[in-house]
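Trainee: Shown below is the structure under consideration.
Protein chains: 2
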Amino acid sequence: MARPRSFEPDKVLEIAREVFWRKGFQATSLDEITAASGIAKPSLYAAFGDKNALFLKVLDRYHERLLGWAERVLAQPGSAREAIRQWLTGFIPSCSGEKGRRGCLSINAATDGALDQLDIRKSIERYNKRLEELLRARLRSDRDQFKKGFDPELTAHTIVVLHTGLMALAHQAPEPKKVKAVIDLVLTLLA
Amino acid sequence: MARPRSFEPDKVLEIAREVFWRKGFQATSLDEITAASGIAKPSLYAAFGDKNALFLKVLDRYHERLLGWAERVLAQPGSAREAIRQWLTGFIPSCSGEKGRRGCLSINAATDGALDQLDIRKSIERYNKRLEELLRARLRSDRDQFKKGFDPELTAHTIVVLHTGLMALAHQAPEPKKVKAVIDLVLTLLA
DNA sequence: GCCGTTTTGTACCCAGTAGTACTGAATGCG
DNA sequence: CGCATTCAGTACTACTGGGTACAAAACGGC
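Chains as they are written, first to last, in the working numbering: chain A, 37 to 227; chain B, 37 to 227.
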């Protein structure tokens, strides 16, 4: 009944994610996104709102994707430690070597001054909370795999801290081996 | 022989550090620094160079201060584990509660897009390297305090990762108790 | 008291950026 | 085909921010 859209919003959100991820939220100008996507600014505004709203959409999708993957990997049967190891090692390609330099979009955003935007901060906090919940649930339900006195809550949180540290240090492009060794060492806490 | 300076560079660097720390490198405008310090822009430029150079000076001082403190605490005699525990717990006030929200200036800078500036990236990498060296040296020299097979290099790096994670998560203003519990749990790796 | 030198502060320039008319184009429907 | 409706793209505005020219001011030395 009217002129149809000439682009797929999902594709544009993916392109925007790449730009935001590479340059950071503050440092990314809308012109760079229009250049990368071929979509003019008024169309972006009509489809996604202003820069903050666009980034929030990008970030929420990013979070959903990571949570979906974590949920799948952490739900596998067998050893809880191996499930968590698989989840953590899955990040190695994206947090080591040259590819890792961009780090984690979410953690980058948390230190971007983007935190002034309440929506964005809430999204990040919610993501961390849900991630920790997934780990905690798995450790809790498998607590008899571990020795007496094992603390699922504290251990889950500690793994989140470790994960955050690895993703924050990704900007230094460490060697994959080094990351793997750290993961293995910390997983000895699951005993 | 000429008009004297009307401000102390060290004081100005401290004020600039506070502003950068609170708002982030990119998000801080020079106008905010002139407003906070009372120093006009041309004086800032004459004394410190452009924005990047100013931030680099601030960051280097920050690093020196943290390294100096780490060196002092980690040099204390007795248990290596207790020395490291004291070093880590010393960060609790600045990485938990409302005061912690600003996180760590260095880690924030690493994800600020400030990394495009090679000087700044080098400074951060050098800081992390020297920090890890301090830990490694202490763990190595006291390796007979630990069980056979203890790996000082890997353990030192893991502690740096943990420390980075704690400082990155500081933006969420966690409870001090939680941070302390994580530290205690990870220090059981030193056995 | 005057002069060269360095600092100071106002006022400015220019590039870049978020956000917005406004005109023209593409559709479905009658 | 005509028309209402929605999208696309150019061009613009208003503003901010980094950086600087220039003239006045504050010193030490003569």
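Each residue gets a CB set at the ideal place from its N, CA and C atoms; glycine is no exception. All values derive from a computational prediction rather than experimental measurement.
Out of curiosity, what's the CA-to-CA distance linking residue 169(A) and residue 108(A)?
Mentor: Mapped onto the first sequence, residue 169(A) falls at position 133. Mapped onto the first sequence, residue 108(A) falls at position 72. Residue 169(A) and residue 108(A): Cα-Cα distance of roughly 14 Å.
Trainee: Smallest Cα separation from residue 184(A): which of 44(A), 227(A) and 133(A)?
Mentor: One-based indexing of the first sequence puts residue 184(A) at position 148. If we check each option's Cα against that of residue 184(A), 227(A) comes out closest.
Trainee: What did DSSP end up calling residue 194(A) once you bin it into helix, strand or coil?
Mentor: As a first step, residue 194(A) must be located in the first sequence, where it is residue number 158. Of the three classes helix, strand and coil, the one that applies to residue 194(A) here is helix, per DSSP.
Trainee: Among residues of its own chain, excluding the 5 on either side of residue 141(A), which ones have a beta-carbon nearer than 6 Å to its beta-carbon?
Mentor: In the first sequence, residue 141(A) corresponds to position 105, counting from 1. Excluding positions up to five away in sequence, the list reads 57 and 98.
Trainee: Check whether chain A comes within 9 Å of residue 157(B), counting only Cβ atoms and requiring the distance to be less than that.
Mentor: Numbered from 1 along the second sequence, position 121 holds the residue referred to as residue 157(B). Closer than 9 Å to some Cβ of chain A, the Cβ of residue 157(B) qualifies, so yes.
Trainee: If distances are taken between C-alpha atoms only, which option among 209(B), 65(B) and 200(B) comes closest to residue 207(A)?
Mentor: As a working note, residue 207(A) is residue 171 in the first sequence. The residue with the shortest Cα to Cα distance from residue 207(A) is 200(B).
Trainee: Please identify, using Cβ separations under 8 Å, the residues of the stretch 53-81 of chain A that lie next to chain B, in order along the chain.
Mentor: For the stretch 53-81 of chain A, which is checked against every Cβ of chain B, the residues closer than 8 Å are 59, 60, 62 and 63.
Trainee: Grouping DSSP H, G and I as helix and E and B as strand, with all else coil, what is residue 140(B)?
Mentor: Within the second sequence, numbered from 1, the residue matching residue 140(B) stands at position 104. In this structure, residue 140(B) counts as coil in the three-state DSSP scheme.
Trainee: Give the DSSP-derived three-state secondary structure of residue 187(A) in the structure shown.
Mentor: Here residue 187(A) is taken as the residue at index 151 of the first sequence, counted from 1. Three-state result, residue 187(A): coil.
Trainee: For residue 94(B), return the contacting residues in chain A, with the cut-off set at a CB-CB distance below 9 Å.
Mentor: Mapped onto the second sequence, residue 94(B) falls at position 58. Neighbours of residue 94(B) on chain A: none; closest Cβ ~16 Å, over 9 Å.
Trainee: Examine chain A for any beta-carbon lying closer than 9 Å to the beta-carbon of residue 128(B), and answer yes or no.
Mentor: Numbered from its first residue, the second sequence carries residue 128(B) at position 92. Closer than 9 Å: no.
Trainee: Using 9 Å as the limit for Cβ to Cβ distance, is residue 169(B) near chain A?
Mentor: Indexing the second sequence from 1 puts residue 169(B) at position 133. False, the Cβ-Cβ gap to chain A never drops below 9 Å.
Trainee: Measure the beta-carbon distance from residue 210(B) to residue 132(B) and round it to whole angstroms, keeping in mind my assumption that it falls under 8 Å.
Mentor: Taking the first residue of the second sequence as 1, we reach residue 210(B) at position 174. Taking the first residue of the second sequence as 1, we reach residue 132(B) at position 96. That belief holds up - the Cβ atoms of residue 210(B) and residue 132(B) are roughly 5 Å apart, short of 8 Å.
Trainee: Going by beta carbon distance, what residues of the same chain come within less than 8 Å of residue 196(A), once the five residues before and after it are set aside?
Mentor: Indexing the first sequence from 1 puts residue 196(A) at position 160. Taken in chain order, the residues that qualify are 164, 167, 168 and 171.
Trainee: According to a CB-to-CB cut-off of less than 7 Å, which residues of the stretch 127-146 of chain B neighbour chain A?
Mentor: The stretch 127-146 of chain B vs chain A, Cβ under 7 Å: 139, 143, 144 and 146.
Trainee: How about the stretch 216-224 of chain B and the stretch 49-56 of chain B: do they share at least three Cβ pairs that are nearer than 8 Å?
Mentor: No, the stretch 216-224 of chain B does not touch the stretch 49-56 of chain B.
Trainee: Spatial neighbours of residue 72(A) within its chain, please: C-beta separation below 6 Å, excluding the five flanking residues on both sides.
Mentor: Along the first sequence, read from residue 1 onward, the residue named residue 72(A) stands at position 36. So the qualifying residues of the chain are 51 and 55.
Trainee: Please report the residue range of the alpha helix (DSSP H) in which residue 89(B) lies.
Mentor: Position 53 of the second sequence, counted from the first residue, corresponds to residue 89(B). Per DSSP, residue 89(B) belongs to the alpha helix (DSSP H) from 87-110.
Trainee: Along chain B, which residues have their Cβ under 7 Å away from the Cβ of residue 99(A)?
Mentor: In the first sequence, residue 99(A) corresponds to position 63, counting from 1. Ordered by position in chain B, no residue passes the 7 Å Cβ test against residue 99(A), which lies about 15 Å from the chain.
Trainee: With a threshold of 9 Å between beta carbons, is residue 9(A) in contact with chain B?
Mentor: Outside the displayed span of chain A (37 to 227) sits residue 9(A), for which this structure offers no information.
Trainee: Could you check which residue in 68(A), 179(A), 88(A) and 173(A) has the C-alpha nearest to that of residue 157(A)?
Mentor: Position 121 of the first sequence, counting from 1, holds the residue named residue 157(A). Nearest of 68(A), 179(A), 88(A) and 173(A) to residue 157(A), Cα basis: 88(A).
Trainee: Quick check on the DSSP output: the alpha helix (DSSP H) that includes residue 220(B) runs from which residue to which?
Mentor: Taking the first residue of the second sequence as 1, we reach residue 220(B) at position 184. Residue 220(B) -> alpha helix (DSSP H) spans 212-223.
Trainee: Can you grab the Cα-Cα spacing for the pair residue 153(B) / residue 178(A), in whole Å?
Mentor: Translated into the one-based positions of the second sequence, residue 153(B) becomes position 117. Translated into the one-based positions of the first sequence, residue 178(A) becomes position 142. For residue 153(B) and residue 178(A), the distance between alpha carbons rounds to 47 Å.
Trainee: Between residue 43(B) and residue 77(B), what straight-line distance do the alpha-carbon atoms span, to the nearest angstrom?
Mentor: Counting from 1 along the second sequence, the entry for residue 43(B) is found at position 7. Counting from 1 along the second sequence, the entry for residue 77(B) is found at position 41. Cα to Cα, the separation comes out at about 13 Å.
Trainee: Mind checking if residue 149(B) is an interface residue toward chain A, Cβ cutoff 9 Å exclusive?
Mentor: Counting from 1 along the second sequence, the entry for residue 149(B) is found at position 113. By this cut-off, residue 149(B) is an interface position.
Trainee: Given residue 186(A), which residues of its chain have a CB within under 7 Å of its CB, disregarding the five upstream and five downstream residues?
Mentor: Reading the first sequence from its first residue, position 150 is the one you call residue 186(A). Contacts found: 179.
Trainee: When DSSP labels each residue in this structure, what does residue 162(B) get in the three-state scheme?
Mentor: If you number the second sequence from 1, residue 162(B) lands on position 126. Residue 162(B) falls in the helix class under three-state DSSP.
Trainee: Roughly how many angstroms separate the alpha carbons of residue 14(A) and residue 40(A), rounded to a whole number?
Mentor: Given a span of 37 to 227 for chain A in the structure shown, any question on residue 14(A) remains unanswerable.
Trainee: In terms of residues, what are the limits of the alpha helix (DSSP H) holding residue 65(A)?
Mentor: Mapped onto the first sequence, residue 65(A) falls at position 29. Looking at the DSSP string, residue 65(A) is not in any alpha helix (DSSP H), and its letter there is neither H nor E.
Trainee: Consider the Cβ of residue 194(B): report whether some Cβ of chain A lies at a distance smaller than 9 Å.
Mentor: Position 158 of the second sequence holds residue 194(B). Taking Cβ atoms only, chain A reaches closer than 9 Å to residue 194(B), which makes this a yes.
Trainee: Is the CB of residue 125(A) under 9 Å away from at least one CB in chain B?
Mentor: Numbered from its first residue, the first sequence carries residue 125(A) at position 89. So, not an interface residue.
Trainee: If I measure Cβ to Cβ from residue 123(B) and keep anything under 7 Å in the same chain, skipping five residues before and after, which residues do I get?
Mentor: Taking the first residue of the second sequence as position 1, residue 123(B) is located at position 87. Answer for residue 123(B): 106, 109 and 110, listed in chain order.
Trainee: Taking the alpha-carbon positions, what's the residue 115(A) to residue 190(B) distance?
Mentor: If you number the first sequence from 1, residue 115(A) lands on position 79. If you number the second sequence from 1, residue 190(B) lands on position 154. Distance between the alpha carbons of residue 115(A) and residue 190(B): 25 Å.
Trainee: Please state if the CB of residue 137(A) and the CB of residue 144(A) are separated by a distance shorter than 9 Å.
Mentor: Reading the first sequence from its first residue, position 108 is the one you call residue 144(A). Reading the first sequence from its first residue, position 101 is the one you call residue 137(A). Not closer than 9 Å, so no.
Trainee: Is residue 106(A) close to chain B, meaning its C-beta is less than 9 Å from at least one C-beta of that chain?
Mentor: Translated into the one-based positions of the first sequence, residue 106(A) becomes position 70. For residue 106(A), the answer is no, since every Cβ of chain B falls outside 9 Å of its Cβ.
Trainee: Name the chain A residues whose beta carbon is nearer than 7 Å to that of residue 90(B)?
Mentor: As a working note, residue 90(B) is residue 54 in the second sequence. Within chain A, no residue comes near residue 90(B); the closest Cβ sits about 17 Å away, beyond 7 Å.
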